[in-house]
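Taking this note's numbering, the leading residue of the sequence shown gets 31, the next gets one more, and so forth. Beta carbons are placed, not taken as given, at the ideal position from N, Cα and C, and that holds for glycine. Owing to the predicted nature of the structure, the values given are computational and were not obtained by experimental measurement.
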Amino acid sequence: MNYLFVFGVAALLVAGCAQAQKDRPHQDKFPIRYSDAEWRARLTKEQYHILREQGTETAGTGKYDDFWQKGTYYSAASLQPLFRSETKFHSGTGWPSFYEAIPGSVILRKDRSYGMVRTEVIDSRSGSHLGHLFDDGPPPTGKRYCMNSAALLFVPEGGKPPTSSKQ
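So, in structure tokens, the structure goes:
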């Protein structure tokens, strides 16, 4: 009887770990891949914490929260365009929020951290954490892409795309 109990608990632990791994994208599936040392050299300390360690800025502290210039927001990790300024809206959350991403620029995955189930938004080219998606946004999508400013680079309308993450 004790063997069955121990075996059952072990099976549950293995299944739980397998599910957690299944929800994480494998870094080798993304076109942009760097070693940890290379990521640290390319990104600022804050960018690294958010993009590579799934960190979050304190609400209201990011430079793009209350920023309304026309242009495009790029990933600080892959330098690909993610959001257009026309899709940005004031959410009152303390983070820059958009109702729509540029098609193909992000991947959504389940995030079970902190005892919650949320939808994480990751960069489709590097697998880097950008923020989370919620279903409380405005029309036409009803979505709120809640992003970390440090994960983004802004280029004004008519400007040249970024060539470096540290801008």
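query, result
"As assigned by DSSP and simplified to three states, the class of Arg114", "strand"
"Where Ser154 sits in the DSSP three-state scheme", "coil"
"Run of the beta strand (DSSP E) containing Asp141, from where it starts to where it stops", "136-141"
"Test item: CB-CB of Gln77 and Ala180 under 8 Å", "yes"
"Between the CA atoms of Met146 and Lys118 - distance to the nearest angstrom", "26 Å"
"Continuous alpha helix (DSSP H) stretch holding Arg174: start and end", "No alpha helix (DSSP H) contains Arg174, which is instead part of the beta strand (DSSP E) from 174-177."
"Three-state secondary structure assigned by DSSP to Arg148", "strand"
"Segment limits, beta strand (DSSP E) that includes Tyr104", "101-105"
"Backbone secondary structure at His120 - three-state DSSP", "coil"
"As assigned by DSSP and simplified to three states, the class of His162", "strand"
"Residue from Lys196, Thr88, Val185, Pro192 with nearest C-alpha to Arg114", "Val185"
"Whole-angstrom C-beta distance between Ala131 and Tyr175, which should lie under 8 Å", "6 Å"
"Same chain, Cβ closer than 6 Å to Arg148, neighbours up to 5 away in sequence not counted", "Asp141, His162"
"Which of helix, strand or coil DSSP assigns to Thr193", "coil"
"Per-residue burial, Trp98 [other beta carbons within 10 Å of its own, 16 or more giving buried]", "exposed"
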